[in-house]
Amino acid sequence: TKQWFGRTLINSNTRFTYESAQDVLDNKSGDNAEELLLLNSLAKNLRKVRKAEGAISFDTEEVKFELDKAGRPIRAYVKKMVDTNRLIEEFMLLANRSVAKRMTPTKDQEKSPFIYRIHDEPDKDKMRTLVTFLNGLGYNIKIKGKFDATSINAILAQAKNTPEEHIVQTATMRSMAKAIYSTKNIGHFGLGFQYYTHFTSPIRRYPDVIVHRLLAKSLAGKPISQNDLSSYNALALHTSTMEKAATEAERASKKYKQVEYMSTRVGDTFEGTISGVTEWGIFVEERTTKSEGMIRLSNLPDDYYIYDEKNFQVVGRSKKKKYRLGDTVKIKVEGIDVEKRLINYKLA
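Take the sequence shown: its letters are residues 276 to 623, numbered as in the numbering used here.
So, in structure tokens, the structure goes:
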């Protein structure tokens, strides 16, 4: 009904974990049940409106590890999003968007430098490659005209609760433009927002600290000169570069822990999904831990297999047996190279 911007202190009467708050939502009772249930209802409404206005509904799975005292993984599992995760996400998005809109000058106001979180529209060539990839998985996708959020949400909906859901999510995300920081606002395609910034996590992201400082100056009536624009441009570029490096490091660390975990499971059998097909082998993603490894074509039994690039499959020359992208297969961990972060599977 109204909004206010200013410096505040938070006095917490109750501190929840995501899990303890989720218990309250599930049981509809407990500490602050009335408030949590109301917040959850509002969050669901915000999410519904966001999707209707063009937001893309990525519901990604995060691989987590339980470590022993020496830091070695003894369990790997996928952490799924629950209502409390989505609740916090929606109100963070609302705060971020509100600050960005507040800091964007109207036509009558003098322009002032600000750092936005922007996300460009998808590259057409990358989207065509994605469509080809998904059609190879057996999806019947035809895009007429512009590749918009509705098209992407339709793809994600088709993949929901299928063995290849994680593969489709990952391929779709990697085909899109990367979100970056910029002083030039072009909106956020993935979220469907005209104004967006990063404001809510100053304890872990430097761009949020910058936005806090800019908002504080604005509230104090201290204008930020256009002469400062070049320094903010440099900061936006630097923080975007550092974010990319951090993302790559995070991805590499997870891959390392997956390989390290699988090194203790040599000889064990798992269920997996074929996530890639090449001329020298097929990649398989283990279902529970998302650990990806390779089965070399030379190790496929009973036949000599030929790579069929057009149809994303390999075909046995004599028996015509096929292994296609998205197929479910039983695999056994054959060997590990922890240093090179490689897992070798064979069919079980």
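Virtual Cβ for every residue (Gly too), placed ideally from N, Cα, C.
Under the DSSP assignment, Phe340 falls in the beta strand (DSSP E) whose first and last residues are 337-342. Judged by DSSP in its simplified three-state form, Asp306 adopts coil rather than helix or strand. Looking at Glu584, Tyr579, Leu431, Thr603, the one whose alpha-carbon comes closest to that of Ser593 is Tyr579. Rounded to the nearest whole angstrom, the C-alpha separation of Leu490 and Val374 is 8 Å. If you ignore the 5 residues before and after Ile442, its C-beta comes within less than 6 Å of the C-beta of Ser550, all in its own chain and listed in chain order. Put simply, the backbone Cα of Glu523 is about 14 Å away from that of Arg616. Under the three-state reduction of DSSP, Ile618 is assigned to strand. With 16 or more other CB atoms across the displayed protein chains lying within 10 angstroms of its CB, Glu365 is buried. Cβ contact annotation for Trp555 (same chain, cutoff 7 Å, sequence separation greater than five): Arg571, Leu572, in chain order.
Between Thr603 and Pro438, the C-beta gap is smaller than 7 Å, which places the two residues in contact. Taking Ile393 as the centre and dropping the five residues before and after it, the same chain places the C-beta of Ala454, Ile455, Tyr456, Ser457, Lys459, Asn460, Ile461, Gly462, His463, Tyr471 closer than 8 Å to its C-beta, in chain order. Looking at Gly601, Asp301, Ile581, Glu567, the one whose alpha-carbon comes closest to that of Lys607 is Glu567. Within the same chain, Ala424, Gly467 come within 6 Å of Gly329 by CB-CB distance, once the 5 residues on both sides are set aside.
For Ser550, there is no enclosing alpha helix (DSSP H); the enclosing beta strand (DSSP E) covers residues 544-552. In the structure shown, Met356 adopts coil according to DSSP, grouped into three states. Each residue's CA atom was taken as its position, placing Ile478 and Thr544 some 42 Å apart. By the Cβ rule, the segment 525-533 counts as touching the segment 337-352, because three or more pairs are nearer than 8 Å.
One thing to note: Ser538 has its Cβ within 7 Å of the Cβ of Val613.
Close CB contacts of Thr289 within its chain, under the 8 Å cut and outside five residues either way in sequence, are with Asp306, Asn307 (chain order). Membership of Thr447 in the alpha helix (DSSP H) is indicated by the continuous run 440-450.
Secondary structure note for Gln278: it is in no beta strand (DSSP E), with a DSSP letter that is neither H nor E.
For Ile430, the enclosing alpha helix (DSSP H) has its first and last residue at 424-434.
Straight across, the Cα-Cα distance linking Ile499 with Glu518 is about 25 Å.
In the three-state DSSP reduction, Arg488 falls in the helix class (H, G or I).
The C-alpha of Ser332 lies about 43 Å from the C-alpha of Asp577. Here the segment 309-329 does not lie against the segment 409-417, with fewer than 3 beta-carbon pairs under 8 Å apart.
Counting every other CB atom within 10 Å of its CB across the protein chains shown gives Ile390 a total of 16 or more, marking it as buried. If you draw a straight line from the Cα of Val552 to the Cα of Glu294, it is about 39 Å long.
The Cβ atoms of Arg526 and Gly547 lie no closer than 7 Å to each other. For Asp400 against Ala452, the beta-carbon gap comes to about 12 Å, at or over 8 Å, which does not count as contact.
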